[in-house]
Each structure stands twice: as structure tokens, then as C-alpha cells.
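K.L.:
Handing you this structure, nothing more for now.
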């Protein structure tokens, strides 16, 4: 596969992040350069505290880097004002969280419809889109249930449907299987992969779930706030194969 | 540049209706949580309403004058004459340069000091007598014009009602005298007596004018200032009264005084005599068994203090409620921001929520406070005092209660909502409550 023919969707250059608490300065990220192609399924792997969630927040525009730049579709995020950033979060990026982060006062359908309200879609259109997405994630029969009435796996499906509401080009998934059991986790990973293939959406997933490795196009290993290595799936598959012996 | 890539635009602001819908559905779902938040507002406003509604009925609380004693500010003092102003020495009176030798001598009390109350009244009596002469002279002119046949009593003493009296040219002032509140007609003989008496009354007031003419040169404004400086406080009156010899006190001559009549605001005792003269003016002879109302400035301070305290309690309660309802939803706010909500939209949602809650809770709080206040006063004093409330005053308090609730919730919700909206999404998402 020839990389130079493909479009970059995310590029980071020298991204650092420092957290200051009192006198101590914690360097969470120590200069990360990473290019992510459109339509890729990429996993960011690393132990707890390695900085992957921090990096994830920088890419998602949820936090600002101390130095360095993040480009989304060739746009420098640091140059965007609050309104432009909101536009980006609304239409270009979909978010999936470890703890699902559904709004507890809203039904599954309302949760999925919310981003379409923010993007200015009409109510009917939004509801139509919400039903379509919930059907796609296999929750067509649970439209009017609240998050508390759904299982963890079902909640994460709602979250996936929500992240796709405005047809984003990127989905950022922060430990999407972290709160789920093995079987449900596998289902969610499969669902993500299906979305990746069918919709061509770029999926960036921070995880330390080894099940992710099988389906990722590339795996970025982060340790101590720096990229340790980037591996293609081919190499990983061999490793997994070896372990199966 | 790749054309198929989405370009970044500015996120459009959503209409208020959308925020309103989201707020309402949130409040409906979170009904009991919202009710608890609203309860804080409700209690505060109910308290505030009670304080104010009570004050409307307060002034009518009658105090019965016991035989030989009167009460001022809850304390029983012996009956007697209590001047509004302290006695001053002759020296002081002379030094002020306001009073002539004759005036000072006229007001000399038994203790060798100048009775300032008498002096003050004297100055006003001079003006008053002049006014009375004018009034009575005018009335006399009117009376002289009336056809004598109208009040001829040689055959029968006819009853005359107000309308007939007016038609026949009886002066307003005379009608007022002959028709006290509640009566509908007077006898012709009464009018005849007035015709006879009016010249005597004019003579009486002319004598008064002569008697008080020595006071006429005193500058009224300077006198008021001087008296204000020498006004007695309530406690001074009480202590003075305690030292009074009971034997010398004449129970038919209890005089209620109005302290610091002009200007001595912080030392004022205002007196009105229920069912006798609601528009009390100056000294009044009160008889045993009369009902009087004595409201004292300390009572006003007390109610202002209560109102301020209730407002403070209200403000603290509301702020706390709003703060909690925002901080416990940081994660939700973070999520909303991820989904593309603008900071202003989040602030709008919370401010709307607080405003809706503020109005609803204030309304309920007012109703609760009003009912409690009315019931307790009705039980204590009787419904008469409840119905005597001026509806305009009640409406004003209603407006005040709603405004207070709204303003307090509004201002209490802005800082936490702003904080939530402006914090980076990553931090809002990380918060765990």
C-alpha cells in the first residue's frame, strides 16, 4: 500500500503537555509526531499513565497542548477559536469514552439525536438519523430506554451510534472496552471495525485491550509520553499467531 | 488542497427554543432533584414573604390601655404627661438665640428649666389658631347665607341628610362636624347650634392667637432643628415614667406623645388611636380602655433586619443549590462540549433552568408564606386585620418575592455555569462526583 497517495486526517508535530501541580511539573507528553491516514483503524497502546489519554485529548481538541501542533484535515487546531472548535467537535470528530458518558436524563434516541441538534439538523431529520444509527448498532428495539435501563454493552453501542450522528471523519475512542466484559468488548470492537469498513471513518482508539490488536491497521505504542514504536498489523498478527502455539 | 475535505466553519448559535426544550426535558426527568433545588429557593422566598406580609398586619395590633397604665414598646409605664423633648436650661435657651425672654418665661417649668415641648407646641399653636380663625370665618360666611327657614325648629326638629345639607349651602367643614363617621343625618337644631357657636369659636381662636403671639417670631425650621437635637428617646420616656409618683398621675389625663415630630427619625414613636382618630396628629387625650397602636422604630429595624437575614439565607441557599446542580453535572457538560455545544449554549441551559426554577419556586414560596402569615395573624388577631390589608401592598410584596427569587437564582447560577462552560472539556470529563 502506498502511503503517499493517501490523505492525512490527523498529523501531530512535537506535541508536548505539561501538568503543573504546585512546584512539580509532570511532563505527560514529550513531543509526539504522528500521521494518521484517512480511513485507518489505529490503536494507541500503552500502560496506564503512559500519556495516551492525554494525547487522545489533544487530538480530540478537548485540551490544548503546551507546545507543538495538531492538524486535523490540515487545519491547525491551535488557530481555531471556540466556535470553530465546537464546529470541529460537532461534525468532524466523534467521541467514545470508557465510561460511555451518555446523558442520563435522555433516552437512547435523544442521546443520539443531540449532536444533530448541535449541527443544526431539523428535528425530524435528526430523529430519522438516530433511529437509523441505533438500528445499525443493533438497538432498534431500545430507542426510548434511558442509559440506566441499558447494559454496559448497550450503552457503549448507543455511544457509538451517537459518535456517528453527524457522519464525522474521525472517531476517537478512549478505552472503549475498558468497562466491558470480554464478550461484550469483542462485540464492541467488531462493531467499531464494521463502522470503519462500511463508513470509511478513521478510528483512533486508545486502549490496552489486546483484542484490539487483531483488527487495527497500525498500533502506536506510547511509553512515558513518547512514541515507542509504530507497528503494522501484519507484524502483530504473526506475534499473536506465535503466542497461540 | 483537497476539495473533498470538510472545511472548518464557525458553529452556529442555537435558538433559545432548543435550549428551552433541552432544559425542560432535563428538569422533567430530574424532577425530584429539581424539586430539592427549588425547595431551597421556595423556603427562602416563603420566609421573606412571611416577614413582609406580617409587617402589613403588624400596625393594627391593638394594645389595650390598662387602668392607670399605658404601654410603650411593650413596656408598661405609668400614665402621665410625657414631653417629646428634653427640658433645657434657661442658659441653653438664651444661648440658642431663638427665643425671646417672654417665651422662655412662659415655658418655665416647676424645676426651673424650660419646657421645650410646650415651647414647640406654642409655636405651632400660633399658626394653628390663625388657620382655625380663617376656617371658621369662612364657615360663618357660609352659614350666614343659609335660609333661616332651613333650620327652623319652631315646628319640628327635622332630620337633614348630607345631600340636602349640601344643596342648601351648609359649608363642608360644618357638615363634617355634624356628621361624624357612620351617621347619615343630623337634626336642624344641631345646625342652629352651630350657627350660634361659630362666632364663639372664632373668638376662642382669636384669644388663642393673642395668647401665643409671643411665639410668632420663632423661626420654625431652626426650632425644629433645635428640638430634634433635644428629642427624648423611648427609653428616656420609660425611665422618666418609672420615676413618676403614682398619686399625682391622673388616669383621665394620659397623654400619648409623638416623639421628635419632625426629623428625629431614629427616635420616633408614632402613635395612632384606633377607632378614635386614625389620623392622629399631635397630643391626644387617651382614656382608659382606649385601643392604641404604638409602633416603635426598633420594630421597624427588627423587621428590616429580619428581611435582610431572610434574603441572605435565601441567597446562600440558592447559591448552594445552583452550585451543586452545576458541579454534579460537570461530566455531562464535558460530554455536551464534545458533541459540539458552545460555551454560551451551556450557560444558557443552566441560566434558563435556574430562571424557570426561580420563578416557579418563588411563586410557590410566596403562596406558602402568604398562607402561613395570614393564618397565624387571623388566629392571633382575627380576620378583620387580614381583610384590612391593602391589596396593592400585597401585590407589591408578590412582585418583590418573585423578583428576589428570580434575581437571586439568576445571579447564583451564572458563576458556576460560566465556570463549567469555560473549563476545558478534558477536565470536565475527568471530574467524578
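Residue numbers (the working numbering), protein chains in the order written: chain A, 2 to 246; chain B, 74 to 506.
Glycine included, C-beta positions come from ideal geometry on N, C-alpha and C.
1) Less than 8 Å between the C-beta atoms of residue 47 of chain A and residue 219 of chain A, yes or no?
2) Interface residues of chain A around residue 413 of chain B at Cβ under 8 Å?
3) For residue 76 of chain A, which of helix, strand or coil comes out of DSSP?
4) Got a sec? Which residues, its chain only, sit under 6 Å from residue 78 of chain A by beta carbon, not counting five neighbours each side?
5) Would residue 418 of chain B be called buried (16 or more neighbouring beta carbons within 10 Å of its own) or exposed?
6) Judging by CA-CA distance, which residue of B/476, B/448, B/257, B/503 is the nearest neighbour of residue 130 of chain B?
7) Can you tell me which of the three DSSP states residue 233 of chain A falls into?
8) For residue 91 of chain B, which of helix, strand or coil comes out of DSSP?
9) Kindly confirm or deny that the region 434 to 443 of chain B and the region 139 to 154 of chain A touch, where touching means at least three C-beta pairs closer than 8 Å.
10) On the DSSP bridge assignment, give the partners of residue 84 of chain A in chain order.
11) Compute the Euclidean distance between the alpha carbons of residue 254 of chain B and residue 161 of chain B, then round it to the nearest angstrom.
12) One question on the structure: do residue 234 of chain B and residue 258 of chain B come within less than 8 Å of each other, judged by their Cβ atoms?
13) Just tell me which of B/275, B/249, B/286 has its CA closest to the CA of residue 263 of chain B.
14) Check residue 259 of chain B in the structure and name its three-state DSSP category.
15) For chain A, is any of its Cβ atoms less than 8 Å away from the one on residue 368 of chain B?
16) Indicate whether residue 67 of chain A and residue 17 of chain A have their beta-carbon atoms separated by less than 8 Å.
17) The beta strand (DSSP E) that contains residue 174 of chain A, what's its start and end?
18) Assuming residue 111 of chain B and residue 430 of chain B make a contact with CB atoms under 8 Å, what is their CB distance in whole Å?
19) Compare the C-beta of residue 426 of chain B against all C-beta atoms of chain A and say whether one is closer than 8 Å.
20) If I'm right that residue 395 of chain B touches residue 489 of chain B with Cβ under 8 Å, what's the distance once you round it to whole angstroms?
21) Across the region 27 to 40 of chain A and the region 471 to 483 of chain B, are there enough close Cβ pairs to call them in contact, namely three or more that are closer than 8 Å?
22) Beta-carbon separation of residue 91 of chain A and residue 84 of chain B under 8 Å?
23) Taking the straight line between their C-alpha atoms, what separation do you get for residue 384 of chain B and residue 397 of chain B?
24) Restricting to Cα atoms, I'd like to know which of A/50, A/76, A/49, A/21 is closest to residue 14 of chain A.
25) When DSSP labels each residue in this structure, what does residue 290 of chain B get in the three-state scheme?
26) Does DSSP put residue 148 of chain A in a helix, a strand or coil?
27) So, with DSSP's three-state summary, where would you put residue 217 of chain A?
28) I'd like the list of long-range same chain contacts for residue 296 of chain B, defined as Cβ closer than 7 Å, with 5 residues on each side in sequence excluded.
29) Can you tell me where the beta strand (DSSP E) with residue 19 of chain A in it begins and where it stops?
30) In whole angstroms, what separates the C-alpha of residue 288 of chain B from that of residue 158 of chain B?
31) I believe residue 94 of chain A touches residue 169 of chain A by the beta-carbon criterion, under 8 Å. Please report the beta-carbon distance rounded to the nearest angstrom.
32) For residue 304 of chain B, does the three-state DSSP call read helix, strand or coil?
33) On the DSSP letters alone, give me the boundaries of the alpha helix (DSSP H) that residue 194 of chain B sits inside.
34) Report buried or exposed for residue 278 of chain B, applying the criterion of at least 16 other Cβ atoms within 10 angstroms of its Cβ.
35) Considering only the alpha carbon of each residue, which of B/407, B/464, B/380, B/225 lies closest to residue 118 of chain B?
36) So, with DSSP's three-state summary, where would you put residue 71 of chain A?
P.N.:
According to the structure data:
1) no
2) 87, 88, 90, 91, 92, 116, 119, 120, 167
3) strand
4) 62, 71
5) buried
6) B/448
7) strand
8) helix
9) no
10) Looking at the DSSP assignment, residue 84 of chain A forms no beta bridge with any residue, so it has no partner.
11) 42 Å
12) yes
13) B/249
14) strand
15) Legend: pLDDT at residue 368 of chain B = 49, less than 50; position of this residue unreliable, no value from coordinates given.
16) yes
17) 171 to 175
18) 5 Å
19) no
20) 6 Å
21) no
22) yes
23) 20 Å
24) A/76
25) coil
26) helix
27) coil
28) 171, 193, 196
29) 9 to 22
30) 17 Å
31) 5 Å
32) strand
33) 189 to 218
34) buried
35) B/380
36) strand
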